[in-house]
Amino acid sequence: MASSLIGRQLALFLQKNLWLGAPGCRYVSKAVPQTQVDFEYDGPCMKTSVPGPRSQELTKQLGEIQNVGAINFFCNYEESRGNYLVDVDGNRMLDVYTQISSIPIGYNHPALLKLMSNPNNLSTFVNRPALGILPPETFPDTLTDSLLSVAPSGMTRVQTMACGSCSNENAYKAMFIWYKNKERGHNTPSDEDVSTCMVNQAPGCPDLSIMSFMGAFHGRTLGCLATTHSKAIHKLDVPSFDWPIAPFPRLRYPLEQFTRENAQEEARCLEEVEDLIVKWRQKGKPVAGIVIEPIQAEGGDNHASPNFFRSLRNIARKHGCAFHVDEVQTGGGCTGKFWAHEHWGMDDPADIVSFSKKLLTGGYYHKDELQADKAYRIFNTWMGDPSKNLFLSEVLNVIRRESLLEEVARSGRALLNGLYELQAQYPGILSRARGQGTFCAIDVCDDATRTSILLKARNKGILLGGCGERSIRFRPALIFKEYHVHLFLNIFNDILAKHK
Ligand SMILES: Cc1ncc(COP(=O)(O)O)c(C=O)c1O
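Using this note's numbering, the letters of the sequence shown map in sequence onto residues 1 to 500.
Written out as structure tokens, the structure is:
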């Protein structure tokens with residue numbers, strides 16, 4: 001009885017909110033044909049500058065409660081559709097940043113709304129379990145249908161978590177536990193291990209380390225922060241570990257034009273990696289694991305070649321370090337393959353692959369031997385959220401049904417070619433266009449110009465993000481079609497042409 005009441009209310013809500021073909025103000029070059037976007041708006045539509053008056057009012061109100069320094073504007077998620085984010089002042093913007101790269105198939109996708117209307121799913125949304133102790137009956141099947149159906153090569157085990165940082169944090173713990181058991185030759189700690197760990201001393205808390213790379217971003221929790229080296233503001237005043245930091249290759253773009261120089265730069269970094277592993281072992285802080293992003297995102301969209309990653313994976317194996325690939329930002333299809341590491345062409349690319357963002361749930365895949373050996377070693381109250389796995393199954397259905405990876409590859413080519421053209425047209429402003437799939441970026445001559453361009457773009461109805469010292473990053477949803485690429489390029493071109 002109760003569930004049918006909720007079902008009816010939900011159905012009414014959905015009728016009201018499902019794609020009602022909102023009237024659109026066109027902002028589209030006539031040269032750009034619109035295709036297959038029948039369930040969303042037909043272009044940006046701006047009513048005020050952003051943030052508008054209502055956003056400013058709400059920022060003031062929230063400022064009485066929280067730090068609001070990072071808030072851009074307030075959103076109207078009910079009105080947002082597909083690639084378009086609507087704000088509380090009624091501005092409708094083409095979203096090429098998608099909540100820091102975390103919206104897989106756009107706003108209010110009908111397939112996801114439909115899931116909500118199924119009364120059989122209601123209890124999953126209403127009751128969030130402590131998954132590590134009391135999972136629902138459907139959980140093994142849900143995991144099999146969602147995360148395991150896209151498991152990286154060589155991995156059949158997955159641990160869900162809540163967010164990217166907590167996925168990485170627990171992946172690091174799994175690597176330390178694995179390393180220590182390997183060193184002991186068994187998994188029974190000594191009495192001394194047990195007593196010393198309680199007071200943060202060795203041998204119970206061993207001096208092991210995780211190697212990371214300059215410019216990396218792996219999150220802001222304490223362990224992750226020790227491996228994050230993108231911006232000082234993230235790290236300032238927070239105690240950290242003495243762990244090795246290797247140089248990440250600084251490559252020249254387009255990569256195909258600078259293969260010789262780039263190979264030299266990568267060889268230099270790989271040599272340093274091996275030196276650091278040896279040095280830290282001698283210091284008594286052996287490297288238990290190496291963590292790396294397939295493309296350094298927050299740190300400025302820095303790429304490296306498949307050969308670099310293959311060599312790094314071999315170095316990790318040679319020195320007995322676990323190899324952890326952080327796909328929190330690159331995972332989920334935006335590079336044109338479901339996982340960015342698939343571009344490396346390896347059967348055994350990693351020991352651990354962490355994810356979050358477009359996967360809707362956090363977590364990490366791991367090799368069998370990295371399974372924690374005892375209960376409660378990798379544990380927290382929620383350990384993920386089954387409702388997110390339910391959504392993920394449907395997102396994966398949409399990706400397959402609509403061939404969205406091919407779509408991303410197509411849109412990505414159009415986007416990168418457009419960026420190449422723009423940088424040729426405005427060499428004083430733009431340089432170093434780069435990308436894989438729609439995971440693209442371009443550098444701006446300086447930080448002030450970047451900020452000015454980002455704000456102008458926003459006021460023209462295009463939402464973009466920055467990364468690194470002076471890059472603009474493009475992180476659209478997987479439903480960003482060639483039509484949207486051209487729409488974006490037209491507006492971006494106008495802004496650049498008028499830029500003083
Ligand atoms: C590569 C990478 N790792 C980890 C994180 C941290 O994820 P979260 O912000 O969900 O903690 C991010 C977030 O941007 C990321 O890009």
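The beta-carbon is built from N, C-alpha and C at its ideal position, and this holds for glycine as well.
Cutting at 7 Å between CB atoms, please list the residues of its own chain near Trp344, excluding the five before and the five after it.
These residues qualify, in order along the chain: Pro306, Phe309 and Arg310.
Quick check on DSSP: helix, strand or coil for Asn127?
Three-state DSSP puts Asn127 in coil, outside helix and strand.
Report all residues from its chain with a CB closer than 8 Å to the CB of Lys337; omit the five preceding and five following residues, and keep chain order.
Closer than 8 Å at the Cβ level, and outside the excluded window around Lys337, lie His343, Leu405 and Gly437.
Is the Cβ-Cβ distance between His218 and Thr227 less than 8 Å?
Taking 8 Å as the Cβ cut-off, His218 and Thr227 qualify as a contacting pair.
Best match in Ala433, Leu359, Ile71 and Arg81 for proximity to Leu113 [C-alpha to C-alpha]
Of the listed residues, the one whose Cα sits closest to Leu113 is Arg81.
Just the C-alpha distance for Asn314 and Phe323, rounded to the nearest angstrom, thanks.
Whole-angstrom Cα-Cα distance: 9 Å.
Would DSSP call Met93 helix, strand or coil?
Residue state, collapsed to three classes: strand.
If we ignore side chains and look at the alpha-carbon of each, how far apart do Val68 and Thr59 end up?
When rounded, the distance between both Cα atoms is 7 Å.
Tell me the DSSP secondary structure of His366 in three-state form.
It is a strand residue.
Residues in its own chain within less than 7 Å of Ile429 by CB, not counting five upstream and five downstream?
So the list reads Val444, Cys445, Thr449, Leu496 and His499, once near-sequence residues are dropped.
Does the Cβ-Cβ distance between Asn83 and Gly106 come in under 8 Å?
Gly106 sits close to Asn83, with the two beta carbons spaced by under 8 Å.
DSSP three-state assignment for Ala433, whether helix, strand or coil:
If DSSP states are grouped into helix, strand and coil, Ala433 belongs with the strands.
Please report how far the alpha carbon of Val291 lies from the alpha carbon of Gly299, in whole angstroms.
Val291 and Gly299 have their C-alpha atoms spaced approximately 15 Å apart.
If I'm right that Pro53 touches Gly461 with Cβ under 8 Å, what's the distance once you round it to whole angstroms?
Here Pro53 is actually not in contact with Gly461; their C-beta atoms are around 18 Å apart, not less than 8 Å.
Using a 10 Å radius around the Cβ and a threshold of 16 neighbouring Cβ atoms, would you call Met175 buried or exposed?
Result: buried.
To the nearest angstrom, how far is it from the Cα of Gly418 to the Cα of Lys182?
Rounded to the nearest whole angstrom, the C-alpha separation of Gly418 and Lys182 is 51 Å.
Please say whether Gly384 and Gly412 have beta carbons closer to each other than 8 Å?
Contact flag unset, no.
Is Ser55 closer than 8 Å to Val88 when the C-beta atoms are compared?
Yes.
Helix, strand or coil at Gln502 according to DSSP, with G and I counted as helix
Shown here, the chain extends from 1 to 500; a query on residue 502 therefore has no answer.
Here's the rule: buried if 16 or more other CB atoms are within 10 angstroms of the residue's CB, otherwise exposed. What is Pro33?
In this predicted model, Pro33 has a pLDDT of only 44, less than 50, meaning its place in the structure is not dependable; the value taken from the coordinates is given anyway. Around the beta carbon of Pro33, a 10 Å sphere encloses fewer than 16 other beta carbons of the protein chains shown; the residue is thus reported as exposed.
For the beta strand (DSSP E) containing Met211, name the first residue and the last one.
Element bounds for Met211: Ser209 to Phe213.
Euclidean distance between Cα positions of Arg220 and Asn302
Those two C-alpha atoms are separated by around 20 Å.
Using a threshold of 7 Å, is the CB atom of Cys163 nearer than that to any non-hydrogen atom of ligand 1?
Residue side-chain check: Cys163 places its Cβ nearer than 7 Å to a non-hydrogen atom of ligand 1.
Sequence-distant residues of the same chain with beta carbon closer than 7 Å to Thr98, five excluded per side:
Counting only Cβ-Cβ distances below 7 Å, and skipping sequence neighbours, we find Arg475, Pro476 and Ala477.
If we count the other Cβ atoms within 10 Å of its Cβ and call it buried at 16 or more, is Pro254 buried or exposed?
Exposed, by the Cβ-count rule.
Using only the alpha-carbon positions, how far apart do His341 and Pro349 sit?
Distance between the alpha carbons of His341 and Pro349: 7 Å.
With H, G and I counted as helix, E and B as strand and the rest as coil, what does DSSP make of Tyr41?
Tyr41 falls in the coil class under three-state DSSP.
Three-state secondary structure (DSSP) at Asn493?
Looking at Asn493 - three-state DSSP - the assignment turns out to be helix.
Within the chosen definition, does the region 181 to 200 reach the region 232 to 251 through at least 3 CB pairs nearer than 8 Å?
Result no; under three Cβ-Cβ pairs closer than 8 Å.
Residue burial classification, Ala424 (beta-carbon count within 10 angstroms, cutoff 16):
Exposure of Ala424 is indicated by the presence of fewer than 16 other C-beta atoms within 10 angstroms of its C-beta.
Which residue wins for smallest C-alpha separation from Gln257, given the options Ala433, Leu455, Ala70 and Phe439?
Comparing Cα positions, the closest option is Ala433.
Between the C-alpha atoms of Asp207 and Val96, what's the straight-line distance to the nearest angstrom?
If you draw a straight line from the Cα of Asp207 to the Cα of Val96, it is about 43 Å long.
Does the beta-carbon of Glu169 have 16 or more other beta-carbons within 10 angstroms, so that it is buried, or is it exposed?
Per the 10 Å Cβ criterion, buried.
Asp191 in three-state terms, based on DSSP
The DSSP-derived three-state label of Asp191 is helix.
Classify Thr451 as buried or exposed, calling it buried when 16 or more other Cβ atoms lie within 10 Å of its own Cβ.
By the 10 Å Cβ count, Thr451 comes out exposed.
In this structure, how does DSSP classify Asn170 when only helix, strand and coil are distinguished?
Three-state DSSP puts Asn170 in a helix.
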